[in-house]
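Residue numbering for the sequence shown follows the numbering used here, starting at 4 and increasing by one per position. Each remark here refers to the structure printed beneath this line.
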Amino acid sequence: MSTSVLTAVAWPYANGPRHIGHVSGFGVPSDVFSRYQRMAGNRVLMVSGTDEHGTPILVQSDKEGLSPQETADKYTRQISQDLRGLGLSYDLFTRTTTGNHAEVVQQIFLALHRNGYVVPRTTTGAVSPSTGRTLPDRYIEGTCPLCGYDGARGDQCDNCGNQLDAAELKNPRSRINGEKPEFVETEHLFLDLPAFTESLGNWLSTKTDWRPNVLNFTKNLVDDMRPRPITRDLDWGVKVPLDGWRDQPLKRFYVWFDAVIGYFSASVEWARRSGDPDAWQPFWTDPDAQSFYFMGKDNITFHAQLWPAFLLGHNGQGDKGGEPGPYGTLNLPGEIVSSEFLTMSGSKFSTSRGTVIYVEDFLREFGPDTLRYFISVAGPETQDTDFTWDEFVRRTNFELANEWGNLVNRSISLAHKNNGGVPAPTAPAPADEELKALSRGAFETVGTHLRRSRFKQAAGEAMRVVSAANKYLSDQEPWKLKEDPDRRDAVLHTALQVVSDANALLTPFLPHAAQKVHEALGGTGVWAAQPECHDVEDLDIPGRTNPILTGDYSNEQAKWESTPVEVGRPLEKPSPLFAKLDASLGETGPEWAPIQS
Ligand SMILES: [Zn+2]
């Protein structure tokens, strides 16, 4: 039975190119998952985009002397290309500065407001004493009042992950010029989070099968249900659609408020672009639909507490009740899949400290699948994990080139040389059946891991089939069976069948290589489809062009099952699947990201 599966992928800020730390958290895992779900016959909607509001964009535009929109235009284009290069199969990767997004954000807000979950409050905001300008929270740095970390920002502590108010920071200072900010009174709208204590608590208590890192974090969330500001003193963001607010030059929605609504607005945009404006509904209003949210661990609060609270409020399902908003009763997140951090020599990837490996550079030199594989088998799935070039070389050479590449190469080469195509299994033996049973059975084992987002285990089980097939070939020695061509044919037939099975099992991880193996096995057409970058007109703002990432995955042939190889199908001599890397790369790193001693 086909299930509707929403893959909701975290929104990167449009303030710079992506480094491999970014894509290890939200990017590759969400794509491996989505590709598996499509292969398994489910209807998948994978959406995201760039987060283009808020101070990160303003800081970057000040640095570059560009307007905020020009900055966002520049980086959303670059980020779309990075993600396309990695083969991330978004149905729509859009942005938060579209007309559609602003409209959806305002509608969700109005439903929350009508249902009584938004309250005005006078609060203290920071201003710069030297310029008199508002100093947004992210521009303020100080010591976290909760964990004592000295690099905490005014909105969030990156060390303990808690949300903060800038006025709570000890020793606050401006990140622009180091001066101590002045705190003055200003009016803002707050989400009445305490009014979700029971409804959110009940919902969270049903989520017992989330990853341990997410569960541990969410346990404390209902104990910290303070009202949260959802507006900011800024001139860059979605306007507040209320009388007395809409025309204020310095009142906008807080960036985290509009960004999480992006999962829904992007689904609506995708539907509008598909020609069926209601096509989002099976993913959002069908109670049997599933949804999976992929992100790094610094975003758990937004997805396990705040976004569900918005949805409950919009639906009229918070502790104060209410009526569903214009979109009906929307589904709350099904599963929060949070990764830990990919680090380098123990520290977070950081552009400012020079510990950075950009996706673009990486793809140019090593292609997408080696990185996808590394992140899947050695990434920060359950704990912070160091990226080392040494480990990257080892995984690429020993697992991809020697194990998988070699199996493909020698199986197809031998069949090509001896038979010119796929031979018939004329003299089968028990060892053949044993190996084929192992690879057939792996679809269930690997599939179960993938459904639970256990990527390391899934890739490990798929590679176990590859190792078993290599051992089988070494044991059977088909190259020594000149005198027994019937038996040789049976061995080669078995090997090709298992190459075909293993290729399906590895497709979610290695979609580009999988297409090549499909063709090397004599297949034609699209095995694993890839996304494309397009420039499209904004649906609501005349004259605006948006770069998007999208794709047609409906015609791909990849299926999550063992497909019998066709006897007699012609085979060409294959070319190597993965190039081996020079071992010295592990010691020096590439020229564009040398290892710093
Ligand atoms: Zn902290």
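Note that the Cβ used here is the ideal one computed from N, Cα and C, for glycine as well. Every value quoted in this text rests on a predicted model; they were computed, and no experiment measured them.
Tell whether a beta-carbon distance below 8 angstroms holds between Gly157 and Leu167. As a first step, residue 157 is located in the sequence shown; it is residue number 154 there, counting from the start. As a first step, residue 167 is located in the sequence shown; it is residue number 164 there, counting from the start. Their beta carbons are under 8 angstroms apart, which means Gly157 touches Leu167 by this criterion.
Any chance the CB of Leu149 is under 7 angstroms from a heavy atom of ligand 1? Indexing the sequence shown from 1 puts residue 149 at position 146. At least one heavy atom of ligand 1 sits closer than 7 angstroms to the Cβ of Leu149.
Between Val8 and Gln40, is the Cβ-Cβ spacing less than 8 angstroms? Position 5 of the sequence shown, counting from 1, holds the residue named residue 8. Position 37 of the sequence shown, counting from 1, holds the residue named residue 40. Yes, they are a contact pair.
Please go through the region 454-483 and give each complete beta strand (DSSP E) segment of 3 or more residues, from N-terminal end onward. Here no run is fully enclosed.
In whole angstroms, what is the alpha-carbon distance linking Thr53 and Val362? In the sequence shown, counting from the first residue as 1, residue 53 sits at position 50. In the sequence shown, counting from the first residue as 1, residue 362 sits at position 359. Here the alpha carbons of Val362 and Thr53 stand approximately 16 angstroms from one another.
Go through its chain and collect everything with a Cβ distance to Glu368's Cβ below 7 angstroms, but skip five positions before and after it. The count along the sequence shown starts at 1 and reaches residue 368 at position 365. In its chain, beyond the 5 residues on either side, Pro593 have a beta carbon closer than 7 angstroms to the beta carbon of Glu368.
When we look at the beta-carbon of Gln599 and count the other beta-carbons within 10 Å, is it buried (16 or more) or exposed? Taking the first residue of the sequence shown as position 1, residue 599 is located at position 596. Exposed, because fewer than 16 other Cβ atoms sit within 10 Å of the Cβ of Gln599.
Within 7 angstroms: the Cβ of Asn473 and any heavy atom of ligand 1? Your numbering for residue 473 matches position 470 in the sequence shown. Checking every heavy atom of ligand 1 against the Cβ of Asn473, none is found closer than 7 angstroms.
Pairwise C-alpha distance: Trp407 and Gln560: One-based indexing of the sequence shown puts residue 560 at position 557. One-based indexing of the sequence shown puts residue 407 at position 404. Gln560 and Trp407 have their C-alpha atoms roughly 21 angstroms apart.
The beta strand (DSSP E) spanning Lys300 covers which residue range? In the sequence shown, the residue the question calls residue 300 occupies position 297. Counting along the chain, Lys300 falls outside any beta strand (DSSP E), and DSSP gives it neither H nor E.
For Ser414, which residues from the same chain have a beta carbon less than 6 angstroms from its beta carbon, with the 5 sequence-adjacent residues on both sides left out? Here residue 414 refers to the residue found at position 411 when the sequence shown is read from its first residue. Taken in chain order, the residues that qualify are Ala498, Leu499 and Val502.
For Val425 and Arg572, the rounded distance between their alpha carbons: Against the sequence shown, residue 572 aligns to sequence position 569. Against the sequence shown, residue 425 aligns to sequence position 422. Rounded to whole angstroms, Arg572 to Val425 spans 5 angstroms at the Cα level.
I want to check one thing, is the minimum distance from the CB of Ala155 to the heavy atoms of ligand 1 below 7 angstroms? Numbered from its first residue, the sequence shown carries residue 155 at position 152. Answer for Ala155: yes, Cβ within range of ligand 1.
Do Cys163 and ligand 1 come close, with the Cβ less than 7 angstroms from some heavy atom? Start at 1 with the first residue of the sequence shown, and residue 163 comes out as number 160. The nearest non-hydrogen atom of ligand 1 is less than 7 angstroms from the C-beta of Cys163.
Counting only runs of 4+ residues fully inside the region 308-377, write out the alpha helix (DSSP H) ranges in chain order. Along the region 308-377, the alpha helix (DSSP H) occurs as fully enclosed runs of 4 or more residues at 310-318 and 362-369, listed in sequence order.
Excluding the five sequence neighbours on either side, which residues of its own chain have a C-beta within less than 6 angstroms of the C-beta of Arg87, listed in chain order? Along the sequence shown, read from residue 1 onward, the residue named residue 87 stands at position 84. So the list reads Pro534, Cys536 and Leu552, once near-sequence residues are dropped.
What is the DSSP secondary structure of Ala11, reduced to helix, strand or coil? By one-based count along the sequence shown, residue 11 stands at place 8. The answer is strand: DSSP assigns Ala11 an E or B state.
Cut-off 7 angstroms between Cβ atoms - residues of its own chain near Gln518, not counting five sequence neighbours on either side: As a first step, residue 518 must be located in the sequence shown, where it is residue number 515. Here the set comprises Trp530 and Ala531.
Mind pulling the alpha helix (DSSP H) runs of 4 or more residues that sit fully within the region 13-92? Qualifying alpha helix (DSSP H) stretches, in chain order: 31-42, 58-67 and 71-88.
For Asp226, the nearest candidate out of Lys300, Gln308, Ala507 and Ala404 (CA to CA): Locating residue 226 in the sequence shown gives position 223, where the first residue counts as 1. Ranking Lys300, Gln308, Ala507 and Ala404 by Cα distance to Asp226 puts Gln308 first.
Inspect the CB distances between the region 23-41 and the region 295-303 and report whether three or more fall short of 8 angstroms. Touching, yes, given that three or more Cβ pairs across the two stretches are closer than 8 angstroms.
Close beta carbons around Gly554, own chain, < 8 angstroms, minus the five adjacent residues each side: Locating residue 554 in the sequence shown gives position 551, counting from the first residue. Result list for Gly554: Ser92, Tyr93, Asp94, Ala532, Gln533, Pro534 and Glu535, in chain order.
Output needed for Ser416: all residues of its chain with C-beta closer than 8 angstroms, excluding positions within five of it in sequence on either side, in chain order. Position 413 of the sequence shown, counted from the start, is the residue given in the question as residue 416. Lys576 and Pro577.
For the candidate residues Pro488, Thr451 and Phe256, whose alpha-carbon lies nearest to that of Ala427? Here residue 427 refers to the residue found at position 424 when the sequence shown is read from its first residue. Measuring from the Cα of Ala427, the nearest candidate turns out to be Pro488.
Is Tyr152 close to ligand 1? I mean its beta-carbon at under 7 angstroms from any heavy atom of the ligand. Mapped onto the sequence shown, residue 152 falls at position 149. Yes, the beta carbon of Tyr152 sits closer than 7 angstroms to at least one heavy atom of ligand 1.
Any C-beta of chain D under 8 angstroms from that of Glu185: Checking the listed chains, one finds no chain D in this structure; it contains a single protein chain.
Under three-state DSSP, which class holds Gly408? Residue numbering aside, residue 408 sits at position 405 when the sequence shown is read from its first letter. Gly408 falls in the helix class under three-state DSSP.
Through-space distance from Asn334 to Glu326, alpha-carbon basis: As a working note, residue 326 is residue 323 in the sequence shown. As a working note, residue 334 is residue 331 in the sequence shown. For Glu326 and Asn334, the distance between alpha carbons rounds to 15 angstroms.
Which runs of the alpha helix (DSSP H) at least 4 residues long sit entirely within the region 163-248? Give them in chain order. Counting only runs of at least 4 residues, the region 163-248 fully encloses the following alpha helix (DSSP H) elements, listed from N- to C-terminal order: 200-208 and 215-222.
Between the CA atoms of Lys439 and Met4 - distance to the nearest angstrom: As a position in the sequence shown, residue 4 is number 1, starting the count at 1. As a position in the sequence shown, residue 439 is number 436, starting the count at 1. Distance between the alpha carbons of Met4 and Lys439 is about 26 angstroms.
Under 8 angstroms, do Ser177 and Leu237 count as touching if we go by C-beta distance? Taking the first residue of the sequence shown as 1, we reach residue 177 at position 174. Taking the first residue of the sequence shown as 1, we reach residue 237 at position 234. In this structure, Leu237 does not lie closer than 8 angstroms to Ser177 by Cβ.
Can you tell me whether Val258 is buried or exposed? The criterion is at least 16 other CB atoms within 10 Å of its CB, across all chains shown. On the sequence shown, position 255 is the one that residue 258 refers to. By the neighbour-count rule (16 or more Cβ atoms within 10 Å), Val258 is buried.
So does Cys160 have its beta carbon nearer than 7 angstroms to some heavy atom of ligand 1? For the purposes of this step, residue 160 is taken as residue 157 along the sequence shown, with counting starting at 1. For Cys160, the shortest C-beta to heavy atom distance toward ligand 1 is below 7 angstroms.
Three-pair Cβ contact test at 8 angstroms for the region 198-205 versus the region 373-385: No: the two stretches stay apart, fewer than three of their Cβ pairs being nearer than 8 angstroms.
Start and end residues, alpha helix (DSSP H) containing Arg490: As a working mapping, residue 490 is identified with position 487 in the sequence shown. Pro488 to Leu509 is the extent of the alpha helix (DSSP H) around Arg490.
Using the beta-carbon count (16 or more within 10 Å), is Glu436 buried or exposed? Counted from its first residue, the sequence shown places residue 436 at position 433. Exposed.
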